[in-house]
Structure formats: C-alpha cells, structure tokens
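Visitor: Could you have a look at this structure, given as structure tokens, before my questions?
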Ligand code: SF4
Ligand code: SF4
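Numbering (this note's numbering), first residue to last: 209 to 598.
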C-alpha cells in the first residue's frame, strides 16, 4: 500500500489537531453519539498519519481507518469548520478506496445488492414503480416518454413506502400544472451513491454511464431529482467519474415546483395554519451549497408559519442516515437523529419538511420511537396539501 500515491496525502500533515471539527457546536454528530475520536476529522487524519509513518501496521491502520470512515455520516460539518480548510470529505473518499478489505457488513451488503439488482434493496427492477399505485394513470402516460424535464426518482422513494409520497406529489402537481415530465423506471438504476460512499468509484462509473445514456435517450434537457444524495452524485460525482460535463441540467424538485408556482401553473390556496421547519440535507447543503430554494418555496405557500432550527444552513445538524451509517450502525443513526429532533421540539413545530428521502425516513423512524407528535414529510407533500381547499 502506497499512501503517498493519494492525491490528498499532504492533508494528513496539514491538520493542526486543533479539534475544532470535534468541539464546534455544529460539528461531528458521530463524536456526540459514540464519544470517541476515531470517526472524527482529527481522528481520521491522525490514524492516516500514524499509518503513513509506520506507527501502526498496515492491517491495524486500515482496520482503524475503516472503523472511523464508516462510523462517519459524511455530513461535511468537519470540512465546513476546519480551521485550515482541509477538504475532509474528499480525503475520506480517497481513504475509503484503501480499506476495501475491511468493509463493515452493511456496506458489503449494499455493494452486493447493487451488483446483483442495480438497486439498494436487492429487489426486481420491474417493481421500481411500486410507489406509483395512486397515480397509475399519470405514470403510464409519462413513463419512458420524451419530455424536456425528466424525473430521476432514486431507490429510496421508488421502493420504500415511507418515502413514496414525494414522487406521488410530484406527478400529481405536474398533472395539475399540465406540465408533463418523463420518468424512466425500470431503466433507472441506483445513482451509485452507495458505491461512492463505500469507496468503489469503478462500479459507480458503470452505473453513471447507464443512467446518463437512458436520460439522454429520452431527450431530457433538465433532470429533476428529489433526493439529496442523487443531487450530489449527478452534479458533483458524475462529471468527475466520466471526465465530462453532463448533457443536461440538474435541478432539485424544490426548484421545479417553485417555478410552477411562480409561473402561476400551480396556485396553492389552502391556508390552514401550520408551523413548519426545514431540515437542510447534508448532501444538498454543505456538499452542494443549495440552501435558499427551500425557504423560497415555503414562502410561497399560504398558511405556513416557518421557523428555523437553531442550527440551519451550513451549520445544520445531520439526521444520522448518511454515509451508509443507517446500513452499518442503525443505533448510531437514531442517536444522531434525536439531537436534531430536540432542536425541532425547541421551536414547537408540527412538521419537519425534507428534501431527501433518507433524512425523511430516519427522522420519521426516530420521531415514532420517541412518540413525538411532529411529522416528517417531503417538502412537496406540503405543496400538495396546500392545493386542497378546505
Ligand atoms: S463528515 Fe460529519 S460525521 Fe464525518 S467526521 Fe465530519 S463531522 Fe464527523
Ligand atoms: S479542524 Fe481541521 S485542522 Fe483542526 S483537528 Fe479538525 S481536521 Fe485537523
């Protein structure tokens, strides 16, 4: 193993070990859960440094690095606050490629599922339209049809009944707005994020090629996504993996719906009072800098009182589901969500709005376990609700 061959090798030695990535109030959700440094920015930099100096044997060092890398949610809070601007999440991605012999079970399972079935649930691709039962007619009209705007649904919303409401809302709202869109299930494959989060860019590249070919076949000029992970992968990872820009633009479902309201194609009129907050997904916010569109969309909805959580935008707390943590260490994912939910309770809201199905589900699971009255839904579900006059 030649650590020096890593393009970000020098970063191990730039780390000043100041611990700001650990004790900053917004940083490292993992440290707050396990009270151990191994998975923090500083902990991983230190392990990599010891390994490179031979203070740890290769097997000890790689096993310790793997533990640290996979107990990390990839939330990017450490990169955001690092006093010497180390691109920490990029360093983690490089290091993950080195620990392939030491992967935790959840990551191995995710890889097997993707290789066998092209989706994280290891289910039949033909069942990818599971979510569409309530909008079957619209689905049949638009599936695999050419359109200017396409919708990449993502594995979680496609297969999990807990997150299926987002694609249903998007199809219903598009129909109300007379704005046909294209969907390409079952030829949609997972975006490949689990491969990237697990340190296997080679397999992710195959998937990227397939998805881009399918999208291009349908003449799509703008691709909409409703998952923060898919957004990060399409906008930041695919161009790097394929070494070229994408032949279409990528937008979030929030931008799409905001445009429909601004152009008066949708006129939400239900003004029943409701108090809400928005959970900035890490992969959309810190990783891609997308913060304001959610606030702009919410401001267009009648009857909605909006309140920020104490930590928001670049300092938003992680929900705990990212970085394959939910697959590898579900108990930690729940612990981390509890800290976020405490901030929701402090502002007395009834709805947590999400722009990521993994956040939505992990927050929802934890809210249920806590028997909290707060509900966790996709932001477009609230738009759909505002269309119903009461
Ligand atoms: S990405 Fe998040 S969980 Fe991982 S080390 Fe950084 S702050 Fe901690
Ligand atoms: S904030 Fe940056 S420099 Fe300080 S310990 Fe963390 S990674 Fe190292």
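Ideal placement from N, C-alpha and C gives every residue a C-beta, glycine not left out.
If we ignore side chains and look at the alpha-carbon of each, how far apart do residue 563 and residue 295 end up?
Guide: Going by the C-alpha atoms only, they are around 25 Å apart.
Visitor: Determine the closest residue to residue 427 out of 337, 356, 215, with distance taken between C-alpha atoms.
Guide: Here the closest residue by C-alpha is 356.
Visitor: Helix, strand or coil for residue 289? Go by DSSP, reduced to three states.
Guide: It is helical.
Visitor: To which residues of the same chain is residue 320 closer than 8 Å at the C-beta, ignoring the five residues directly before and after it?
Guide: These residues qualify, in order along the chain: 330.
Visitor: Relative to the alpha-carbon of residue 292, which residue among 546, 235, 219 has its alpha-carbon at the smallest distance?
Guide: Of the listed residues, the one whose Cα sits closest to residue 292 is 219.
Visitor: Determine, using beta carbons only, whether residue 395 and residue 422 come nearer to each other than 8 Å.
Guide: For residue 395 and residue 422, yes; Cβs fall inside 8 Å.
Visitor: Between the alpha carbons of residue 362 and residue 229, how many angstroms are there, rounded?
Guide: Distance between the alpha carbons of residue 362 and residue 229 is about 31 Å.
Visitor: Decide if residue 253 is buried, meaning its Cβ has at least 16 other Cβ atoms within 10 Å, or exposed.
Guide: Looking at its Cβ environment, which holds 16 or more other Cβ atoms inside 10 Å, residue 253 is buried.
Visitor: Relative to the alpha-carbon of residue 488, which residue among 258, 318, 287, 568 has its alpha-carbon at the smallest distance?
Guide: If we check each option's Cα against that of residue 488, 568 comes out closest.
Visitor: When you compare the CB positions of residue 469 and residue 511, do they come within less than 8 Å of one another, or not?
Guide: For residue 469 and residue 511, no; Cβs fall outside 8 Å.
Visitor: Can you tell me whether residue 517 is buried or exposed? The criterion is at least 16 other CB atoms within 10 Å of its CB, across all chains shown.
Guide: Residue 517 comes out buried.
Visitor: Taking 8 Å as the threshold, find out whether the stretch 243 to 258 comes into contact with the stretch 270 to 278 through three or more Cβ pairs.
Guide: Cβ pair count under 8 Å is three or more, so yes.
Visitor: Compute the minimum distance between the beta carbon of residue 526 and the heavy atoms of ligand 1, and state whether it is under 7 Å.
Guide: It does: the Cβ of residue 526 is within 7 Å (strictly closer) of some heavy atom of ligand 1.
Visitor: Given this structure, state the Cα-to-Cα distance separating residue 610 from residue 484, to the nearest angstrom.
Guide: A question about residue 610 goes unanswered here, because the residues of the chain that appear run from 209 up to 598.
Visitor: Since I believe residue 544 is in contact with residue 281 (beta carbons under 8 Å), could you give me their beta-carbon distance rounded to a whole number of angstroms?
Guide: That pair is a contact at about 7 Å.
Visitor: Measuring only the C-alpha atoms, how far is residue 566 from residue 446?
Guide: Distance between the alpha carbons of residue 566 and residue 446: 21 Å.
Visitor: For residue 432 versus residue 415, is the C-beta spacing smaller than 8 Å?
Guide: No, the Cβ-Cβ distance between residue 432 and residue 415 is not below 8 Å.
Visitor: Is the beta carbon of residue 282 within less than 7 Å of some heavy atom of ligand 1?
Guide: The answer is yes for residue 282.
Visitor: If I'm right that residue 359 touches residue 346 with Cβ under 8 Å, what's the distance once you round it to whole angstroms?
Guide: About 11 Å separates the two Cβ atoms, so there is no contact after all.
Visitor: Quick one: what does DSSP say residue 307 is sitting in, helix, strand or coil?
Guide: The answer is coil: DSSP assigns residue 307 none of H, G, I, E or B.
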